[in-house]
Structure formats: structure tokens, C-alpha cells
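Q:
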Amino acid sequence: MQSVDDPRFPACAGGNTYDVLPMPYQVGGHKPKDASDPPYMLRLQPRVAPHCSNPSSTSSNDATPPPRLLKVIQAGDKGTRETAFYHKLFGQDGMDGLKEDEINVWRSLRPFVPCYYGVLTRSDPTGNPRRYLVLEDISAPPNPGVNNGLSHCPTILDIKIGLRTYAPWATLQKQKRERDKYIHQEAVGFRIVGMRVYDADTKSYVVEGKEYGRNLRPEEVLFALARFLGRGRSLGVGGHARNDPCPGSLRSRQAKDGRQGGESERQKGKGEACPEGEGAVPEMERGEQEGAVRRLDWFIARVAALLDWFQGQACLCFWSSSLLFVDHQAWDRAWGRGPVSWEPRGQGARKEGAPPEEKGALDVRMIDFAHVQVREGGDEEGVEGGEDGWEAGRKNYAQGLRSLLEHLQRLRREATSIDP
Ligand SMILES: Nc1ncnc2c1ncn2[C@@H]1O[C@H](COP(=O)(O)OP(=O)(O)OP(=O)(O)O)[C@@H](O)[C@H]1O
Ligand SMILES: O=P(O)(O)O[C@@H]1[C@H](O)[C@H](O)[C@@H](OP(=O)(O)O)[C@H](OP(=O)(O)O)[C@H]1O
Numbered sequence: 001m002q003s004v005d006d007p008r009f010p011a012c013a014g015g016n017t018y019d020v021l022p023m024p025y026q027v028g029g030h031k032p033k034d035a036s037d038p039p040y041m042l043r044l045q046p047r048v049a050p051h052c053s054n055p056s057s058t059s060s061n062d063a064t065p066p067p068r069l070l071k072v073i074q075a076g077d078k079g080t081r082e083t084a085f086y087h088k089l090f091g092q093d094g095m096d097g098l099k100e101d102e103i104n105v106w107r108s109l110r111p112f113v114p115c116y117y118g119v120l121t122r123s124d125p126t127g128n129p130r131r132y133l134v135l136e137d138i139s140a141p142p143n144p145g146v147n148n149g150l151s152h153c154p155t156i157l158d159i160k161i162g163l164r165t166y167a168p169w170a171t172l173q174k175q176k177r178e179r180d181k182y183i184h185q186e187a188v189g190f191r192i193v194g195m196r197v198y199d200a201d202t203k204s205y206v207v208e209g210k211e212y213g214r215n216l217r218p219e220e221v222l223f224a225l226a227r228f229l230g231r232g233r234s235l236g237v238g239g240h241a242r243n244d245p246c247p248g249s250l251r252s253r254q255a256k257d258g259r260q261g262g263e264s265e266r267q268k269g270k271g272e273a274c275p276e277g278e279g280a281v282p283e284m285e286r287g288e289q290e291g292a293v294r295r296l297d298w299f300i301a302r303v304a305a306l307l308d309w310f311q312g313q314a315c316l317c318f319w320s321s322s323l324l325f326v327d328h329q330a331w332d333r334a335w336g337r338g339p340v341s342w343e344p345r346g347q348g349a350r351k352e353g354a355p356p357e358e359k360g361a362l363d364v365r366m367i368d369f370a371h372v373q374v375r376e377g378g379d380e381e382g383v384e385g386g387e388d389g390w391e392a393g394r395k396n397y398a399q400g401l402r403s404l405l406e407h408l409q410r411l412r413r414e415a416t417s418i419d420p
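The sequence shown begins at 1 in the UniProt record's numbering and counts up by one.
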């Protein structure tokens with residue numbers, strides 16, 4: 001059984017034009033507990049269908065529709081809340097009853113959130129129906145079909161925002177579970193829940209799971225962000241490049257705690273990945289550093305724009321929501337070089353040296369809305385979690401986002417003050 005409940009889902013009439021595949025790049029979030037547990041995330045990969053037009057394509061020679069992400073709708077209130085949020089944000093009729101200024105608030109949030117294409121129901125291996133949100137897959141190659149010769153190898157970072165990561169309506173047990181996850185959550189204001197960094201030297205990924213972020217001390221967070229911005233190479237900032245090549249790793253922690261070094265778990269996705277050997281995060285060369293600073297500028301501008309949007313509205317609050325950062329790198333197979341930024345080809349308007357955003361090489365979006373708090377109809381109506389919860393939510397998200405912005409800005413200052 002496979003059906004799409006929403007007519008806006010971009011399928012061609014008269015046939016199934018997508019294959020359902022494992023999601024290649026899931027860095028955070030729920031994962032199957034064992035082989036019998038069906039996947040939470042899947043990729044809907046289009047079959048090449050020249051007669052099928054791509055609604056988001058800007059290029060006439062790009063006939064391949066982009067892949068979509070299927071995210072399972074979680075049981076109970078979390079799934080209902082997230083589905084209702086996406087439906088309202090992207091639904092044609094979802095904004096009925098909102099005032100004009102509220103509609104504007106919702107609409108201006110859209111560029112910060114993956115597009116939503118409806119709900120898809122499909123059978124799990126035991127024949128039971130499972131419902132999925134169909135979302136824009138922001139880790140998929142932008143403009144597929146025009147990049148022959150480039151292998152797409154995105155670097156991805158998932159950051160959970162907030163001084164605390166539980167909603168006002170969370171049970172006491174849930175509050176404790178969340179508080180125990182990261183003792184520095186309130187001080188830092190966010191935590192890294194996963195990271196996937198493409199390593200140009202080995203042409204493979206270094207994967208950091210949730211334990212990595214939970215082990216970072218506040219003074220180590222900058223270095224962890226620099227690993228993402230530097231594509232696995234050190235920007236030479238944060239004071240850890242030489243004496244601690246991989247803060248947050250099991251080995252690093254054990255060394256600090258005076259214990260024996262542990263086994264490195266590179267690429268097992270267990271959160272302890274760290275290249276072998278001291279100084280294993282190589283420092284950047286000058287040209288590479290300029291690219292990293294340009295990427296940093298782009299991300300800083302986007303996070304600042306999101307903070308502006310958040311502070312300029314009073315309709316929505318986000319608990320335990322993430323920002324997903326993507327750096328769309330590629331490996332040029334023909335020339336054997338990389339990583340290079342993903343550049344949509346065959347588009348005459350693209351200039352050499354244009355900033356990365358013009359090339360669609362970078363992305364950052366909000367994800368995970370299982371604990372979104374919505375206020376409708378102005379001040380006179382109540383809000384779930386109560387007034388105190390609402391006020392706490394505004395502070396929680398804004399301060400978390402501001403702290404992330406300040407970390408990125410500090411990274412930029414430090415990166416540009418280094419002697420060549
Ligand atoms: N729109 C998207 N495009 C690409 N990848 C995505 C998208 N949404 C989610 N992902 C991937 O899936 C991971 C988990 O996403 P998400 O946080 O939404 O899941 P979750 O199971 O609800 O998380 P949690 O366990 O924190 O509640 C992300 O880290 C990212 O790798
Ligand atoms: O980081 P982990 O260990 O994977 O933990 C999960 C993750 O933090 C989820 O964000 C959380 O769901 P929500 O915050 O969305 O509730 C879930 O909570 P749960 O155990 O209450 O389901 C955790 O199990």
C-alpha cells in the first residue's frame with residue numbers, strides 16, 4: 001500500500017515515479033532500535049521521468065525532480081503537533097481564522113523550514129500502515145541532473161536550540177531525562193546532536209553521534225563548530241587545535257579525566273569518532289580558510305535573520321527544535337579534486353567567485369517541531385503551557401539562538417585574526 005493524501009505532492013499522473021530508499025544522511029533524531037524496528041527516515045528518490053516537471057527547478061534543462069524525505073509521524077501528541085504545524089505552515093487552507101499580521105508571520109517563516117508536501121501512508125515490513133511527513137530533503141543535492149561528474153558529499157550539522165530541551169508540559173521524568181543529557185545546556189544555550197563531516201583526505205565521512213555533543217565542555221563548543229565550518233580541518237581557533245585534536249571524543253575526555261585512552265570509533269556513528277593520532281584534525285591552508293570564512297558569513301547572516309524573525313512575532317515558540325546546517329560539497333570525479341562547493345552547472349548567470357548562497361551550496365533550516373507552541377487569535381486567547389510557559393519559551397529559544405550566533409561570530413573573529 002502506498003498512497004499520498006495530499007494533492008500537492010509532486011508526482012506525475014499515471015504512475016509511481018519515486019523509489020523509497022534508506023535515508024543516506026540522518027545525523028540526529030530517532031533511529032531504529034534493532035533490525036525489526038522500521039526506519040524513521042526514508043528517502044523518496046525520483047525515477048528519471050523527462051515528462052515530469054520539477055516545481056522547484058529554476059533551470060529548463062533540469063527535468064529531474066528532487067528527492068524527498070519521509071519522516072515517520074511519531075505516535076501521540078508529538079506526531080499530531082508536528083503534522084499540524086507543517087500543514088498550517090504550508091497548507092493552502094491551514095491559515096483560515098488567522099489575522100493578516102499572523103498570516104504574514106507564518107508565511108515569513110517558510111524560508112527557514114523545509115517545504116512540506118503532505119502525508120504518505122505506506123506499509124511497514126509487517127504489513128501495518130505507517131504515516132510519514134513528506135518533506136524537502138535539504139541534504140539532497142541541489143539541482144540534481146545538472147552536475148554530471150560531481151559526487152555529492154554534504155557535510156551536515158544538527159544543533160538543538162534552547163537553554164532547556166523540554167516543553168512546559170513535559171513530565172517530571174522527561175524533564176530530568178533531558179537535563180541529564182547535557183549538563184552545560186543552560187550555559188551554552190544549544191547542543192550538537194549530530195554531525196557528519198566529509199573528510200577530503202580519506203574521501204569518507206567522520207560521523208559524530210549524540211554522545212559527542214553531550215561530552216563537549218562550554219569552552220570546547222567553538223572548536224566543534226569549527227570542524228563543521230572547516231570541513232573537518234581546523235580553523236586554528238578555540239585553543240584546542242594542537243593540545244586536544246578532537247574535543248568531545250572519548251579519548252579526549254578520558255585523557256582529561258586521567259583515564260586510559262579508549263578505542264577510536266571512526267565512522268561507526270556512535271558519537272566517538274575521532275581521527276587517529278595526535279593533531280589529527282589538520283589545519284587549513286590560507287585559501288581554504290577564506291572559503292570557510294565566507295561560509296561562516298553566510299551562516300551568520302541566516303541565523304541572525306532567523307533570530308530577527310523570531311523576535312518580531314508572538315505566534316510561535318519552539319521547544320527542543322533543531323537547526324540543520326548543510327554544506328553541499330562535491331568531489332570532482334573527472335579532475336580527481338575536492339572537496340569543491342556544489343555549483344549548479346549550465347546556468348549562465350552564475351559568476352566565478354560568487355558567494356556560496358548564489359550557488360545553492362549552503363543551507364540551514366529549522367527542523368523537529370514535535371514541541372512547537374502555537375498562539376492564535378492575539379493576546380486574549382490562552383496558550384498551551386500557560387503564560388509563564390510562553391514567556392519562558394520565548395526566552396529559551398531566543399537566548400539559545402543568540403548564543404549560537406555569538407559563537408559563530410566569535411569563530412569568525414578568531415579565524416580572521418590568525419596570522420597567515
Ligand atoms: N528536512 C530534512 N532534510 C534533510 N535531513 C533531515 C530533514 N529533517 C530531518 N533530517 C535528518 O534527520 C535527523 C533527525 O531529524 P529530526 O530532529 O526531525 O528527528 P526526530 O526523530 O524528531 O528528532 P528527536 O529525536 O530529536 O525528536 C536530522 O539530524 C537530519 O539528519
Ligand atoms: O538524544 P536521544 O537520546 O536520542 O533522546 C531522544 C531525543 O532527545 C529526542 O529529542 C527526544 O524526543 P523529544 O524531545 O522530541 O520528546 C526523545 O525523548 P523521549 O525519550 O521522551 O521520546 C529522546 O529519547
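Idealized CB from N, CA, C, for every residue including glycine.
Small disclaimer: the values here were computed from a predicted structure and weren't measured.
Would you mind reading off the limits of the beta strand (DSSP E) that contains Trp342?
A: Careful: Trp342 lies outside any beta strand (DSSP E) and carries neither H nor E.
Q: Let me check you understand the geometry: is the CB of Glu136 closer than 8 Å to at least one non-hydrogen atom of ligand 1?
A: yes
Q: Should Val134 go down as buried or exposed, given a rule of 16 or more other Cβ atoms within 10 Å for buried?
A: Buried, by the Cβ-count rule.
Q: Going by the beta-carbon positions, is the gap between Leu208 and Arg196 smaller than 9 Å?
A: Leu is not the amino acid found at residue 208; the sequence shown has Glu there. In this structure, Arg196 lies closer than 9 Å to Glu208 by Cβ.
Q: Between Leu316 and Gln26, what straight-line distance do the alpha-carbon atoms span, to the nearest angstrom?
A: So the two alpha carbons sit approximately 26 Å from each other.
Q: Looking at Ala167 and Pro218, is the spacing between their C-beta atoms short of 9 Å?
A: no
Q: What's the call for Asp124, buried or exposed, on a 16-neighbour Cβ count within 10 Å?
A: exposed
Q: Inspect the beta-carbon positions of Val326 and Ile138 and report whether they are closer than 9 Å.
A: Yes, these two residues count as a Cβ contact at 9 Å.
Q: What does DSSP give as the partner residues of Ile183 in its beta bridges?
A: According to DSSP, Ile183 bridges with nothing at all.
Q: Where Trp342 and His152 are concerned, what is the direct C-alpha to C-alpha distance, given to the nearest angstrom?
A: 7 Å
Q: Quick one: residues in its chain with C-beta nearer than 8 Å to the C-beta of Val193, no 5 flanking neighbours on either side, listed in chain order?
A: Val27, Gly28, Gly29, Asp158, Ile159, Lys160, Lys210, Gly213, Ser322
Q: How many angstroms separate the CA atom of Arg375 from the CA atom of Glu387?
A: Going by the C-alpha atoms only, they are around 11 Å apart.
Q: Would you mind working out which of Ala224, Met284, Asn215 sits nearest Leu235, comparing C-alpha positions?
A: Met284
Q: Since Val303 and Leu404 are thought to touch, with beta carbons under 8 Å apart, how far apart are those beta carbons, to the nearest angstrom?
A: Contact flag correct, Cβ pair sits at about 6 Å.
Q: Could you give the distance in angstroms between the alpha-carbon of Pro66 and the alpha-carbon of Val72?
A: 19 Å
Q: Grab me the residues of Met23's own chain with a C-beta within less than 6 Å of its C-beta, minus the 5 sequence neighbours each way, in chain order.
A: Met41, Leu42, Arg43
Q: Out of Glu414, Leu216, Tyr116, which one is the CA nearest neighbour of Leu296?
A: Glu414
Q: Can you check whether the CB of Glu82 is closer than 9 Å to the CB of Val293?
A: No, Cβ-Cβ distance for Val293 and Glu82 is not below 9 Å.
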